[in-house]
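Following: one structure in structure tokens, then a few remarks.
2 protein chains.
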Amino acid sequence: MPCARCNEPAVTLVRYSGQHLCAGHFCEFVERRVKREIHRQVEFRGGERIAVGLSGGKDSSTTTVLLHEVLAPRRDVEVLAITVDEGIASYRPEGIRFAKALCEGLGIEHHVVPYEETVGWTMDEVVAAEPAAIPCSYCGVFRRTTLNRAAREAGADYVATGLNLDDTAQSILMNIARGDVDKLARLGPHDHPQPGLVPRLQPLRTIPEKEVYLYAMLRGIPFHDGTCPHSERAQRGRFREILNRLEEDSPGTRHAIVAGYDRLRPLFAERFPPPELNECVACGEPTANLMCKACELQTRLGDRKAQADREPETVH
Amino acid sequence: MPCARCNEPAVTLVRYSGQHLCAGHFCEFVERRVKREIHRQVEFRGGERIAVGLSGGKDSSTTTVLLHEVLAPRRDVEVLAITVDEGIASYRPEGIRFAKALCEGLGIEHHVVPYEETVGWTMDEVVAAEPAAIPCSYCGVFRRTTLNRAAREAGADYVATGLNLDDTAQSILMNIARGDVDKLARLGPHDHPQPGLVPRLQPLRTIPEKEVYLYAMLRGIPFHDGTCPHSERAQRGRFREILNRLEEDSPGTRHAIVAGYDRLRPLFAERFPPPELNECVACGEPTANLMCKACELQTRLGDRKAQADREPETVH
Numbered sequence: 138m139p140c141a142r143c144n145e146p147a148v149t150l151v152r153y154s155g156q157h158l159c160a161g162h163f164c165e166f167v168e169r170r171v172k173r174e175i176h177r178q179v180e181f182r183g184g185e186r187i188a189v190g191l192s193g194g195k196d197s198s199t200t201t202v203l204l205h206e207v208l209a210p211r212r213d214v215e216v217l218a219i220t221v222d223e224g225i226a227s228y229r230p231e232g233i234r235f236a237k238a239l240c241e242g243l244g245i246e247h248h249v250v251p252y253e254e255t256v257g258w259t260m261d262e263v264v265a266a267e268p269a270a271i272p273c274s275y276c277g278v279f280r281r282t283t284l285n286r287a288a289r290e291a292g293a294d295y296v297a298t299g300l301n302l303d304d305t306a307q308s309i310l311m312n313i314a315r316g317d318v319d320k321l322a323r324l325g326p327h328d329h330p331q332p333g334l335v336p337r338l339q340p341l342r343t344i345p346e347k348e349v350y351l352y353a354m355l356r357g358i359p360f361h362d363g364t365c366p367h368s369e370r371a372q373r374g375r376f377r378e379i380l381n382r383l384e385e386d387s388p389g390t391r392h393a394i395v396a397g398y399d400r401l402r403p404l405f406a407e408r409f410p411p412p413e414l415n416e417c418v419a420c421g422e423p424t425a426n427l428m429c430k431a432c433e434l435q436t437r438l439g440d441r442k443a444q445a446d447r448e449p450e451t452v453h
Numbered sequence: 138m139p140c141a142r143c144n145e146p147a148v149t150l151v152r153y154s155g156q157h158l159c160a161g162h163f164c165e166f167v168e169r170r171v172k173r174e175i176h177r178q179v180e181f182r183g184g185e186r187i188a189v190g191l192s193g194g195k196d197s198s199t200t201t202v203l204l205h206e207v208l209a210p211r212r213d214v215e216v217l218a219i220t221v222d223e224g225i226a227s228y229r230p231e232g233i234r235f236a237k238a239l240c241e242g243l244g245i246e247h248h249v250v251p252y253e254e255t256v257g258w259t260m261d262e263v264v265a266a267e268p269a270a271i272p273c274s275y276c277g278v279f280r281r282t283t284l285n286r287a288a289r290e291a292g293a294d295y296v297a298t299g300l301n302l303d304d305t306a307q308s309i310l311m312n313i314a315r316g317d318v319d320k321l322a323r324l325g326p327h328d329h330p331q332p333g334l335v336p337r338l339q340p341l342r343t344i345p346e347k348e349v350y351l352y353a354m355l356r357g358i359p360f361h362d363g364t365c366p367h368s369e370r371a372q373r374g375r376f377r378e379i380l381n382r383l384e385e386d387s388p389g390t391r392h393a394i395v396a397g398y399d400r401l402r403p404l405f406a407e408r409f410p411p412p413e414l415n416e417c418v419a420c421g422e423p424t425a426n427l428m429c430k431a432c433e434l435q436t437r438l439g440d441r442k443a444q445a446d447r448e449p450e451t452v453h
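Encoded structure:
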């Protein structure tokens, strides 16, 4: 099958547009949309520093490469990367190696920030202390606070993440199913910055996960293809399945969900404004409550540990 | 297991509230919510006529009984019923028999309006003329226009339908998946009436389908339990499955979806107001376009028939 735009052989069929594309035109197709998305989300005035939350996986590695390339013509904007080390021995070191290599290749600043420095626990320790809990519910909170703090301390004006179209549509649907209008109103990208919170950029939010994968492969972007040993127990897996089936039946469903959501965003911003933020009594990070969620979880983990230390002989 | 409110044996567990209830307290539980919903949707001033779209199935029969009972103390409000006869020989006559018996038992006015009178085709004829089409896409449009016209001609101020919680949550999710914000904004109940359109009431919109069923059985409400021979080819079946699975995992999901939607309704009403309506050039019914959807479909069916009459010998 030839490419719809030239005579090269096609490498893929973009189902929701019905077009067969060759490697070159497929990459161009991705890049055009990412570039448009970046400029839709940020109006650059010069002097900005953008920190990518770089895990070393396909999404964040592609985000790093594309931000670097799109912004390369602007000498006055800087792209750097922050890798959060959750402390998962069987998984994270490999991702860090990929992240490091990518940043060295691009010649950009790279910070590696372990959970131990910010929340005092590795995820391996959390899982040992709370074997019955869903690890992602800890890791999500710890990662958010760690990335935000590290970005702020690195002087970043924005944190870019690798969130792709599938992730975005899943988040929307998940919050709809929970009736959580407030959370729905606070999904990124953030155009109303709040003190202490570095606003999020999501350059890949219109690119389907499979296209990110293919793009990274075609461009030869090195990335870590591992899966976190603790993942998939999260509820998100259910919404991934649902969306995959809907997309299969009606190609374009994910795009439609995000486009519909985007028509509602201005209403959300107006009617469901973010809450006033306080400084967490324990760590000083911004929170809507007295104590931030990360410190709350650390307190709970500390209690579990103290309890376990007191009852060393109990066998369950 | 005893009832959570008395010592009678429970007939059901209401999963999302965790309560076992006996027959009496279960019925009270349903009635309280329906009554609240009716009064939330209409502020009665006296003199209102409410037409129930009564198919004879469990939902619309229960709606008729409950509206009749809730409004019985008000002598100045009248409940009547309109049964649309779609012309489905293997299915509808039985429903009409039940509808007639119910209305006679309650002593309320009852109109039976065949599709032939309003759109000139029975559904059996439509299916024969368009065997490849999804019949519901015709029937939905024809039913809406027939019910609206009949209610208006009967002097009704409102049309009540049997839409239950499952239907409501499915409609919301379906329009989210299509990114159809405008349609999302126009789901009932209608608090901003438009000329020519009789506003919709949905007394059962917070009652799960299974509870409606149980309620009708416990109360001995006679209803037709048949399934339309043409149903289930519609896309709605997919969303029914999705919601059933989500509800199974997280009881309360349907309620959460509707509650979240209801928080957004005021925004919708303001930002996505209904379009200005014209009179259909063919039938005079209200439409956002020049010709209403029902007349458009009738024209298409007429063309098919004319074509078939011209090519009587063609074998496919």
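Sequence lines, in order, name chains A and B.
Quick note: the first sequence, position 96, residue 233 per my numbering, numbers continuous.
Quick note: the second sequence, position 82, residue 219 per my numbering, numbers continuous.
Built from N, CA and C at the ideal position, the CB exists for glycine as well.
Source: prediction; values computed, not measured.
**Request:** Please determine, among Glu215(A), Asn312(A), Arg441(A), the residue with the shortest C-alpha to C-alpha distance to Glu262(A).
**Result:** Selected option, being the one with the closest Cα: Arg441(A).
**Request:** Confirm the yes/no value for this check: CB of Asp317(B), any heavy atom of the ligand FAD, distance under 7 Å.
**Result:** Inclusion of the ligand FAD in the displayed structure is not the case, the ligand content being empty and no account of it being possible.
**Asked** Which term fits Asp362(B), buried or exposed, when burial requires 16 or more other beta carbons within 10 angstroms of its beta carbon?
**Response** Result: exposed.
**Prompt:** Residues of chain A with a CB under 7 Å from the CB of Arg408(B): which are they?
**Reply:** Simply Leu404.
**Prompt:** Going along the chain, which residues of the region 388 to 401 of chain B sit with their C-beta nearer than 7 Å to a C-beta in chain A?
**Reply:** Close to chain A, meaning a Cβ-Cβ distance shorter than 7 Å, are the following residues of the region 388 to 401 of chain B: Thr390, Ala393, Ile394, Ala396, Gly397, Arg400, Leu401.
**Whole-angstrom distance between Thr390(A) and Glu413(A), CA atom to CA atom** = Between the alpha carbons of Glu413(A) and Thr390(A) lies a gap of roughly 35 Å.
**Request:** If I'm right that Val296(A) touches Asn285(A) with Cβ under 8 Å, what's the distance once you round it to whole angstroms?
**Result:** Contact holds; Cβ gap of about 7 Å.
**Asked** Roughly how many angstroms lie between the CA atoms of Thr298(A) and Gly190(A), to the nearest whole one?
**Response** Rounded to the nearest whole angstrom, the CA to CA distance from Thr298(A) to Gly190(A) is 5 Å.
**Prompt:** With a cut-off of 8 Å, does the C-beta of Gly83(A) fall near any C-beta of chain B?
**Reply:** Lying outside 138 to 453, the shown extent of chain A, residue 83(A) is not represented and no answer is given.
**Message:** Counting only C-beta atoms, is Arg375(B) closer than 8 Å to chain A at any point?
**Reply:** Yes, its Cβ sits closer than 8 Å to a Cβ of chain A.
**Item:** Closer than 9 Å at the beta carbon, the chain A residues around Ile379(B)
**Value:** Taking the beta carbon of Ile379(B) as reference, the chain A residues within 9 Å of it are Ile379, Arg382, Leu383, listed in sequence order.
**Item:** Distance CB(Arg186(A))-CB(Asp294(A)) smaller than 8 Å
**Value:** Against a cut-off of 8 Å, the Cβ pair of Asp294(A) and Arg186(A) comes out as a contact.
**Prompt:** If you follow the beta strand (DSSP E) that Tyr295(A) is part of, which residue opens it and which one closes it?
**Reply:** For Tyr295(A), the enclosing beta strand (DSSP E) starts and ends at 295 to 297.
**Asked** CA-CA distance, Gly232(B) and Ser197(B)?
**Response** Here the alpha carbon of Gly232(B) sits roughly 11 Å from the alpha carbon of Ser197(B).
**Item:** Distance, Tyr153(B) Cα to Leu243(B) Cα
**Value:** Taking the straight line from one Cα to the other gives about 33 Å.
**Request:** List the whole-angstrom C-beta distance separating Thr199(B) from Leu341(B), where the pair is believed to meet the contact cut-off of C-beta under 8 Å.
**Result:** That pair is a contact at about 7 Å.
**Prompt:** Where does the unbroken alpha helix (DSSP H) through Pro176(B) begin, and where does it stop?
**Reply:** Here residue 176(B) turns out to be His, not Pro, going by the sequence shown. Boundaries of the alpha helix (DSSP H) around His176(B): 160 to 178.
**Asked** Which term fits Arg182(B), buried or exposed, when burial requires 16 or more other beta carbons within 10 angstroms of its beta carbon?
**Response** By the neighbour-count rule (16 or more Cβ atoms within 10 Å), Arg182(B) is not buried but exposed.
**Closest Cα partner of Tyr350(B) within the set Glu206(B), Cys164(B), Met428(B), His205(B)** = The shortest Cα separation from Tyr350(B) among Glu206(B), Cys164(B), Met428(B), His205(B) belongs to Cys164(B).
**Option in Asp317(B), Arg373(B), Asp386(B), Glu168(B) with minimal Cα separation from Phe405(B)** = Residue nearest to Phe405(B) within the set Asp317(B), Arg373(B), Asp386(B), Glu168(B) is Asp317(B) (criterion: CA-CA distance).
**Message:** Any beta carbon from chain A within less than 8 Å of Ile344(B)'s own beta carbon?
**Reply:** Not an interface residue.
**Request:** Give the secondary structure of Arg229(A) by DSSP, where H, G and I count as helix, E and B as strand, and everything else as coil.
**Result:** Assignment of Arg229(A) by DSSP, reduced to helix, strand and coil, places it in the helix class.
**Request:** Mind listing the chain A neighbours of Ile271(B)? Cutoff is C-beta to C-beta under 9 Å, in chain order.
**Result:** Chain A residues near Ile271(B): none, gap ~13 Å exceeds 9 Å.
**Below-8 Å beta-carbon distance, Ile458(A) vs any chain B residue** = As shown, chain A starts at 138 and ends at 453. That puts residue 458(A) outside it, with no answer to give.
**N- and C-terminal bounds of the beta strand (DSSP E) containing Asp222(A)** = 215 to 222 is the span of the beta strand (DSSP E), which, as asked, contains Asp222(A).
**Message:** Just to make sure I have the definition right: I need the residues of chain A whose C-beta is within less than 7 Å of the C-beta of Asp386(B). Which are they?
**Reply:** Result: Arg375.
**Request:** List the whole-angstrom C-beta distance separating Val249(B) from Thr283(B), where the pair is believed to meet the contact cut-off of C-beta under 8 Å.
**Result:** Not a contact, Cβ separation roughly 11 Å.
**Request:** Rounded to whole angstroms, what's the CA-CA distance from Cys240(B) to Gly292(B)? Just pull it up for me.
**Result:** Distance between the alpha carbons of Cys240(B) and Gly292(B): 18 Å.
**Request:** Kindly indicate the opening and closing residues of the beta strand (DSSP E) around His248(A).
**Result:** Unbroken beta strand (DSSP E) run through His248(A): 247 to 251.
**Item:** Cβ-Cβ distance between Ala322(A) and Phe409(A) below 8 Å
**Value:** Cβ distance < 8 Å, so Ala322(A) and Phe409(A) count as in contact.
**Selection from Phe279(A), Gly325(A), Gly155(A) that minimises the alpha carbon distance to Ser387(A)** = Distances from the CA of Ser387(A) to each of Phe279(A), Gly325(A), Gly155(A) were compared; the closest alpha carbon is that of Gly155(A).
**Item:** Where the alpha helix (DSSP H) through Val202(B) begins and ends
**Value:** Going by DSSP, Val202(B) is part of the alpha helix (DSSP H) stretching over 195 to 208.
**Request:** Take Leu334(B) and list the residues in its own chain whose beta-carbon comes closer than 7 Å to its own, dropping the five residues that flank it on each side.
**Result:** Excluding residues up to 5 positions away in sequence, Asn285, Pro423 lie with their Cβ nearer than 7 Å to the Cβ of Leu334(B) in the same chain.
**Pick from His327(B), Cys273(B), His367(B), Gly374(B) that is closest to Glu180(B), judged by C-alpha positions** = It is His327(B) whose Cα lies nearest to the Cα of Glu180(B).
**Prompt:** Roughly how many whole angstroms lie between the Cα atoms of Glu427(B) and Leu434(B)?
**Reply:** Glu is not the amino acid found at residue 427(B); the sequence shown has Leu there. Roughly 14 Å between the two C-alpha positions.
**Asked** Are Ala431(A) and Val264(A) close, meaning C-beta to C-beta below 8 Å?
**Response** Against a cut-off of 8 Å, the Cβ pair of Val264(A) and Ala431(A) comes out as no contact.
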